[in-house]
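I have placed the structure first, in the form of structure tokens, so that the comments after it can refer back to it.
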Amino acid sequence: MSKNSKINFNKIELKWQKRWEEKKIFEVSEDSKKEKFYVLEMFPYPSGSGLHIGHVLNYTIGDIYARFKRMQGFNVLHPMGYDSLGLPAENSAIKDKTHPEKYTEKSTKNFIKQQKRIGLSYDWSRIVNTSKSEYYKWDQWIFLKMFENGLAYRKKASVNWCPSCKTVLANEQAQRGICERCKTALEVKHLEQWFLKITDYAEELLDKIDSLDWPSRTKAMQKNWIGKSYGTEIDFDVNGEKWPIFTTRPDTIYGVTFMVVSSQHPKLFDLVTKEQESEVRKFLKKLRSVSEKEFEDREKEGVFTGSYAINPITEEKVPVYTGNFVIADYGSGMVMAVPAHDQRDFEFAKKYKLSVKAVVQYVGEDVNQLIKKKAYEGNGRLINSEEFSGLESGKAGKKITEYLAKKNLGKFAFNYKLRDWLISRQRYWGAPIPIVYCEKCGIVPVNEKDLPINLPKDVKFGKGNPLLTNKKWIKTKCPKCKGLARRETDTMDTFVNSSWYFLRYCDSKNDKLIFDEKKVKYWMPIDQYIGGAEHACMHLIYTRFYTKFLRDLGLLDFDEPVKKLFHQGMLHGEDGEKMSKSKGNVIDPIDVVNKYSADSLRLALMSFASPDSDTSWDEKVLIGNYKFLSKIYEKLVKSKISKKSGARIESKLNKIIKEVTNDIENFKYNLAIIKIRELFDYIPDEVSKEVLEKSLKLLHPFCPHITEEVWERIGNKNFISIQKWPVVDEKKINLKYEKQEEAMEKVIADILNIKKIVEAKGENKEKVYVYILPNEKDFYNSDEIEKKTGKKTFVFAVNDLKKYDPKNISKKSKPGKPGIYME
Ligand code: ANZ
Ligand code: ZN
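All residue numbers for the sequence shown refer to this note's numbering, where the first residue is 2 and numbers rise by one.
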């Protein structure tokens, strides 16, 4: 707090936070007479270290929007919750030697306290907490519904297995083939895992993207993630078995010189001959598990399987290799390699001395020269392709496909990159998968009435999945035959929880149903969702998948959960670097609140830059905003209330109401703040209550506490938080005033410039003469120029016969640019 300030912001802020809470003014219920508006910020994982500045940025952006919409008369749903299941909580708890439940309870409490301290206008009665069984019961319920509909299934999958932790890791926890926790090299294992069949919705997920009012980059990323590609499926014969091979370049079929099957393919060993077996095994052992993204970067390696494939069009026999760059579950997991026209195949061929045969001619240069160095991946006219030679690539591809189709050896096909969602985790802190294994009946879903399957409290952490050590919990009865059965010990990926939490907010306390359909119908879809761009793919695709599934169950009457989406920018440290403890540039929001105020912090965060751009923390901006708030607080509580306001302030106020309304609507908060500050600077000491109140309302979404306080001090009983947003009165906007102001600003700037030049020459001039065109007479006011420049000022019209103009400067006056003379 600055030394000479007498304002106790902390006291004011705590007072209003308490009153908002006592009067429950942000709690809402369905009201058919009022239009609803659902504002949502992505809910946090409550870590033990409390709110960081990125959280506060996210919540403040949302809170300003929620307050704005509320004042505009909407019935605003603005809820908050905690994504408290998951691996980070489990790991932190292990590190702190506590139970994940204790750890998350404590962290959540702290989060709530800190969020309240920022002045966020949440309906706190609707809190959702994913680690409570009241919540994850419904995760399990959705799983059962998906199981019933064939959308949850078990299948063998190649997974990242840590031999030391004895668990499967998600790709994110398995960077570069090393376990994130114990740094052991990972193995690839084929294990039975649970999947959700998101691919059933691939087409709709792709199709509806264009209709969303979302940032275009995010939409492009989702399209890419789903990744529909069109091509041809060509049947190759391998050991008498048909392998449909997916290719986007059927025009290159005459250039196939070998095949590569994924080294993670479940049917790999069907292809490996006795002679090659030990070499293949040696190769597999050497391979480390990597996430799919890293496929692109690493060296292409492989080994001969011993088998050959027959090209259906040339009837040529080509060797089948197994390689590390082919994805097991894309297409058929085997590629026809065309090293002359595919760079990956080219590198592989060079390494293993396989032949390269050009079949597409480059325009201009000889393709055979070109492919000495690298593959030619472009289009061109076909060569070495029998009857198809001479055709252009695109046309040739079509012709070749049609030819194969006629002979029943191939067909047009498409593929999605999108894979089914692997949701099983061999970890404790997640929702147990509601399945039991019975020796007689096999895989049996738990009965709906037996939900929730609670996580047992009594478990041992350390090695492997802690659920495996609780023998009492594992032992259960088969729901079908009542015989002895064993519980599934896998838990669900945490992304399951965040895929539908926004629906639960609409009816968070319902203990009979996942939610009341009527309530969800009233509040959904989310009108404005706010969160980080890093969630563009997984979270934001899963929410769309869950919505479509629940719609198909008949529970929802809309297709898309999020109408509008906004991504906040990244806030860096004052040095422009990413905030991190090691760099010592971390800003703790609660420190800032204690030292300055929540209102100053909120205003500063929105002043640095447009909320969607990356920016850096700036202490000077914070202090500037703090001083501004101190100044206006003192000015406003002391201001004299007059009956009427002048036309000038009315004009300015209405112009700014119009602009700020627009700016907030479009998240141009930084621009809105500049205008609001200008308005407050302009407010005279004596002002009408109406002007004062409207100005306060404009500032309110940004600085809710200080505006409540002034609102009360000028004699209002009710909260400013629930007042009506000011509406522009266009009639009162007088553009002449704006022009005048602009003209004055310009002439003052010109005078100050001349003054500088004159002083630089060591001269000193006391008087200023300004010569203006007669029709601009009202624009210039000598008193004000004098006040701002400190020079005695005389303003003359150029046609004034009595003007003082020894140097004939008035001749130079132009519209908007008066002549200036100093002496
Ligand atoms: C022959 C060929 C020749 C290809 C050529 C490309 C260029 P998209 O769908 O855009 O990713 N492919 C097929 N299955 C694969 C798998 N399981 N793992 C890795 N790569 C696979 O690209 C499809 C192309 O990727 C296919 O077209 C195939 O290589 C390869 F000059 O077939 B192409
Ligand atoms: Zn049974």
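Backbone N, C-alpha and C fix where the C-beta goes; we use that ideal spot for every residue, glycine too. This structure is a prediction, so every number in the text was calculated from the model and none was measured.
Candidates the options: closest to residue i by CA position
i, options, result
"Gly-63", "Gly-74, Tyr-46, Tyr-39", "Tyr-39"
"Ile-588", "Ile-715, Lys-25, Gly-51, Ile-26", "Gly-51"
"Tyr-123", "Cys-166, Asn-161, Ile-26, Phe-75", "Ile-26"
"Lys-1", "Glu-691, Gln-569, Trp-215, Asn-448", "The chain is shown from 2 up to 824; residue 1 falls before or after that span and cannot be answered."
"Lys-565", "Leu-213, Lys-16, Glu-188, Glu-36", "Leu-213"
"Ala-432", "Lys-812, Lys-24, Asn-130, Gln-73", "Asn-130"
"Lys-287", "Lys-275, Glu-302, Gly-120", "Glu-302"
"Asn-466", "Trp-162, Lys-375, Gly-241", "Trp-162"
"Ser-811", "Tyr-781, Val-796, Lys-789, Tyr-772", "Tyr-772"
"Lys-441", "Asp-592, Gly-334, Lys-483", "Lys-483"
"Lys-7", "Leu-58, Ile-707, Glu-635", "Glu-635"
"Lys-12", "Pro-89, Val-594, Glu-366", "Val-594"
"Glu-777", "Lys-815, Lys-656, Ser-30", "Lys-815"
"Met-43", "Asn-59, Ala-599, Ile-54", "Asn-59"
"Ile-624", "Lys-644, Val-638, Ala-648, Ala-599", "Ala-599"
"Gly-334", "Pro-313, Ser-263, Tyr-309, Val-357", "Ser-263"
"Lys-268", "Ser-394, Asp-208, Ala-158", "Ala-158"
"Trp-226", "Tyr-309, Ser-85, Thr-200", "Thr-200"
"Gln-344", "Ala-376, Tyr-353, Ala-350, Glu-316", "Ala-376"
"His-536", "Phe-797, Pro-164, Pro-216, Lys-412", "Pro-216"
"Glu-620", "Leu-606, Ile-633, Ser-631, Glu-694", "Leu-606"
"Leu-206", "Trp-21, Glu-188, Tyr-417, Lys-804", "Tyr-417"
"Ala-300", "Asn-380, Pro-89, Asn-325", "First, the residue type needs correcting, since residue 300 is Glu and not Ala in the sequence shown. Cα-wise, what sits closest to Glu-300 is Asn-325."
"Thr-61", "Trp-142, Leu-468, Lys-117", "Lys-117"
"Pro-251", "Gly-55, Lys-519, Lys-793, Ile-314", "Ile-314"
Beta-carbon contacts of residue i that lie in its chain and below 6 Å, excluding the five residues immediately before and after
i, result
"Tyr-627", "Tyr-597, Ser-601"
"Lys-653", "Tyr-683"
"Leu-699", "Val-661, Ile-677"
"Ser-509", "Arg-127, Val-129"
"Met-580", "Gly-574, Asn-586, Val-587"
"Asn-455", "Ser-134"
"Glu-710", "Ile-13"
"Glu-651", "Lys-733"
"Pro-245", "Glu-234, Asp-236, Ser-333"
Same chain, Cβ closer than 7 Å to residue i, five either side skipped, listed in chain order
i, result
"Phe-305", "Gln-277, Pro-320, Tyr-322"
"Met-823", "Ile-755, Val-759, Lys-766, Lys-768, Val-769"
"Glu-293", "The predicted model places Glu-293 with a pLDDT of 46, which falls under 50 and marks its position as unreliable; any figure quoted below should be read in that light. Answer for Glu-293: Ile-328, listed in chain order."
"Trp-195", "Ala-153, Arg-155, Ile-424, Ser-425, Ile-434, Asp-491"
"Lys-4", "Because Lys-4 sits at a pLDDT of 45, beneath the cut-off of 50, its placement in the model cannot be relied upon, and the point is left open."
"Asp-730", "Asn-655"
"Tyr-66", "Val-40, Gln-529"
"Leu-842", "As shown, the chain starts at 2 and ends at 824. That puts residue 842 outside it, with no answer to give."
"Asp-517", "Asp-508, Asn-511"
Neighbourhood of residue i by C-beta distance below 8 Å, restricted to the same chain and skipping five residues each side
i, result
"Ile-821", "Val-748, Asp-751, Ile-752, Ile-755, Val-769, Tyr-770, Val-771, Tyr-772, Ile-810"
"Glu-147", "Correcting the residue identity first, residue 147 is Met in this sequence and not Glu. For Met-147, where only same-chain residues beyond five positions count, the Cβ hits under 8 Å are Ala-153, Leu-197, Lys-198, Phe-550."
"Glu-578", "Lys-584, Asn-586"
"Thr-790", "Ile-749, Ile-752, Leu-753, Lys-756, Val-769"
"Gln-115", "Gly-51, Leu-52, Pro-590, Ile-591"
* Is the segment 330-340 touching the segment 257-272 in the sense that three or more CB pairs, one from each, lie closer than 8 Å? -> yes
* To do: Flag this pair as touching only if the segment 130-146 and the segment 388-402 have three or more C-beta atom pairs under 8 Å; answer yes or no.
  => no
* To do: Kindly provide the ranges of any alpha helix (DSSP H) runs that are 4 or more residues long and lie completely inside the segment 254-327, ordered along the chain.
  => 269-272, 275-287, 293-296
* Asked: What residue ranges within the segment 384-469 form continuous beta strand (DSSP E) runs of no fewer than 3 residues, ordered along the chain?
  -> 411-417, 436-439, 443-446
* Asked: Quick check: the segment 443-461 against the segment 497-511, are there 3 or more CB pairs under 8 Å?
  -> no
* Can you find at least 3 beta carbon pairs, one from the segment 743-757 and one from the segment 777-789, that sit closer than 8 Å? -> yes
* **Three CB pairs or more closer than 8 Å across the segment 421-428 and the segment 474-494** => yes
* Give, in chain order, every unbroken run of the alpha helix (DSSP H) that is at least 4 residues long and sits entirely within the segment 633-710. => 648-666, 670-683, 690-700
* Do three or more CB pairs link the segment 553-560 to the segment 517-532 at distances below 8 Å? -> yes
* To do: Only counting runs of 3 or more residues, tell me where the beta strand (DSSP E) segments fall wholly within the segment 60-111, in order along the chain.
  => 76-78
* Quick check: the segment 63-82 against the segment 31-38, are there 3 or more CB pairs under 8 Å? -> yes
* **Cβ pair count under 8 Å reaching 3, the segment 608-616 against the segment 663-675** => yes
* To do: Quick one: which unbroken alpha helix (DSSP H) runs of 4-plus residues sit fully inside the segment 476-535? Chain order, please.
  => 502-505, 518-524
* Inside the segment 176-242 only - alpha helix (DSSP H) runs reaching at least 4 residues -> 203-208, 217-227
* At 4 residues or longer, and completely inside the segment 523-604: list those alpha helix (DSSP H) runs for me, N to C. => 539-553, 590-596
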